[in-house]
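Below you'll find the structure, written out as structure tokens, and then a few comments.
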Amino acid sequence: MPELPEVEVVRQGLAAHVVGRTVSDVQLTGARVARRHAAGPDDLAARVRHTQVVDARRRGKYLWLVLAGPAGDRSALLLHLGMSGQLLVQPADAPDERHLHARFDFADDGPQLRFVDQRTFGGMALAELDADGIPDSISHIAPDPFEPVYDRRAVIERLKARHSAVKRGLLDQGVVSGVGNIYADEALWRAQVHGGRASDSLTRPVLGRVLDHAREVMGEALAQGGTSFDALYVNVNGASGYFDRSLAAYGQEGRPCPRCGTPIRREAFMNRSSFSCPRCQPATRAPKF
DNA sequence: CTTTTCTCCTGTATGC
DNA sequence: TGCATACAGGAGAAAA
Numbered sequence: 001m002p003e004l005p006e007v008e009v010v011r012q013g014l015a016a017h018v019v020g021r022t023v024s025d026v027q028l029t030g031a032r033v034a035r036r037h038a039a040g041p042d043d044l045a046a047r048v049r050h051t052q053v054v055d056a057r058r059r060g061k062y063l064w065l066v067l068a069g070p071a072g073d074r075s076a077l078l079l080h081l082g083m084s085g086q087l088l089v090q091p092a093d094a095p096d097e098r099h100l101h102a103r104f105d106f107a108d109d110g111p112q113l114r115f116v117d118q119r120t121f122g123g124m125a126l127a128e129l130d131a132d133g134i135p136d137s138i139s140h141i142a143p144d145p146f147e148p149v150y151d152r153r154a155v156i157e158r159l160k161a162r163h164s165a166v167k168r169g170l171l172d173q174g175v176v177s178g179v180g181n182i183y184a185d186e187a188l189w190r191a192q193v194h195g196g197r198a199s200d201s202l203t204r205p206v207l208g209r210v211l212d213h214a215r216e217v218m219g220e221a222l223a224q225g226g227t228s229f230d231a232l233y234v235n236v237n238g239a240s241g242y243f244d245r246s247l248a249a250y251g252q253e254g255r256p257c258p259r260c261g262t263p264i265r266r267e268a269f270m271n272r273s274s275f276s277c278p279r280c281q282p283a284t285r286a287p288k289f
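Following this line, the structure appears as structure tokens:
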């Protein structure tokens, strides 16, 4: 599942292979891929056609291409990979992928950009950029830990004020963005905090440690993901394939905790799974888990 | 207002 | 072998 590190690798691929090129044609298959674009897929395609891609940017798990129109006007093609979305750079004569939803042709007749998504949780929409260069439609998404505007103290205060499990706060993209289920579990394992513990019951230093570990583990994953980048394949499909061997808790049910050897446990959480060490991350005072 | 639950989707794995 | 079910889960809408 693409979380911040995987999305950043995709962004870097777009920066290398798409920025600077002019779109000559856009083909969208079905309405679902553009469902967040209120004016519909035809409108999106028409507005992207003949624009030049001038930048590829990211906040959390969202990424966007900054588009310059013929008159120099700026807009953004906002993209989200959802759970299974891939952006591929492919030769025009490559056969259609099984779950191909969008195809971009360029005026240089070079390789196409394709959006492929099996589970269709991903999608794209056009947005306007605000004064800070952020698409207006994601103004509710908080900065991620790698942004200069990331305010560590402010995030700690928001977590400190929440009557909810700390893991919910980590996963709330309006509090801090980029963290998904995998890196939330890894950060909590590193911080030796059980994700079900009430956010407002933890001390500020502990909350700070959880946040710092989230940033640290995502940074490590990014460093590894960058090395496996293939020039023709602007995609990283989740943590599998490169960083999964470094995971201490996520998906490791029954395997020994790398720190103390106690078998990692799996618990239901938000109709999903959480993995933690029963010994290093005691679930004391854990409501609503 | 804050917090939680539900829903969208399909390939893969598991159980009977 | 075939069919049913569980699971993966980001994010926004809806509900509590």
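In our numbering, the protein residues as written are 1 to 289.
Think of the CB as a built atom: it goes at the ideal place given N, C-alpha and C, for glycine as much as any other residue.
Check whether the Cβ atoms of Leu188 and Ala142 lie closer than 9 Å to each other.
Here residue 188 is taken as the residue at index 188 of the first sequence, counted from 1. Here residue 142 is taken as the residue at index 142 of the first sequence, counted from 1. A distance of 9 Å or more separates the beta carbons of Leu188 and Ala142.
Over the uninterrupted alpha helix (DSSP H) stretch that includes Val10, give me the two end residues.
Within the first sequence, residue 10 is the residue found at index 10, counting from 1. Element bounds for Val10: Leu4 to His17.
Examine the Cβ distances between the region 148-162 and the region 52-59 and report whether three or more of them are shorter than 8 Å.
The region 148-162 is not in contact with the region 52-59.
Just checking, does the region 83-97 make contact with the region 111-125 on the three C-beta pairs under 8 Å criterion?
These segments touch.
Identify whether Arg57 lies in helix, strand or coil by the three-state DSSP scheme.
Sequence index remark: in the first sequence, residue 57 carries index 57 (1-based). DSSP places Arg57 in the strand class (E or B) of the three-state scheme.
Where are the alpha helix (DSSP H) runs, 4 residues long or more, that stay fully inside the region 39-127, in chain order?
List check, alpha helix (DSSP H) in window: 41-48.
State the DSSP-derived secondary structure class of Gln224, mapped to helix, strand or coil.
Looking up residue 224 in the first sequence gives position 224. Gln224 falls in the helix class under three-state DSSP.
Closest by CA to Arg162, which one among Thr29, Val179 and Gly196?
Translated into positions along the first sequence, residue 162 becomes position 162. Measuring from the Cα of Arg162, the nearest candidate turns out to be Gly196.
Under 6 Å Cβ to Cβ from Ala127, same chain only, skipping five residues before and after it: list those, please.
Residue numbering aside, residue 127 sits at position 127 when the first sequence is read from its first letter. The answer, listed in chain order, is Ala76, Leu78, Pro135, Asp136 and Ser137.
Can you give me the C-alpha to C-alpha distance between Val23 and Val7, rounded to a whole angstrom?
Residue numbering aside, residue 23 sits at position 23 when the first sequence is read from its first letter. Residue numbering aside, residue 7 sits at position 7 when the first sequence is read from its first letter. If you draw a straight line from the Cα of Val23 to the Cα of Val7, it comes to about 22 Å.
Could you check the C-alpha separation between Ala191 and Arg98 for me, to the nearest Å?
Along the first sequence, read from residue 1 onward, the residue named residue 191 stands at position 191. Along the first sequence, read from residue 1 onward, the residue named residue 98 stands at position 98. Using only the alpha carbons, I get a separation of about 41 Å.
By Cβ distance, which residues of its chain are closer than 6 Å to Arg266, with the 5 residues on each side in sequence left out?
In the first sequence, counting from the first residue as 1, residue 266 sits at position 266. In the same chain as Arg266, and ignoring 5 residues on each side of it, the C-beta atoms closer than 6 Å to its own belong to Glu253, Ser273 and Phe275, in chain order.
Under the assumption that Leu291 contacts Leu65 (Cβ atoms under 8 Å), give the Cβ distance between them as a whole number of angstroms.
No answer is possible for residue 291: the residues shown for the chain start at 1 and end at 289.
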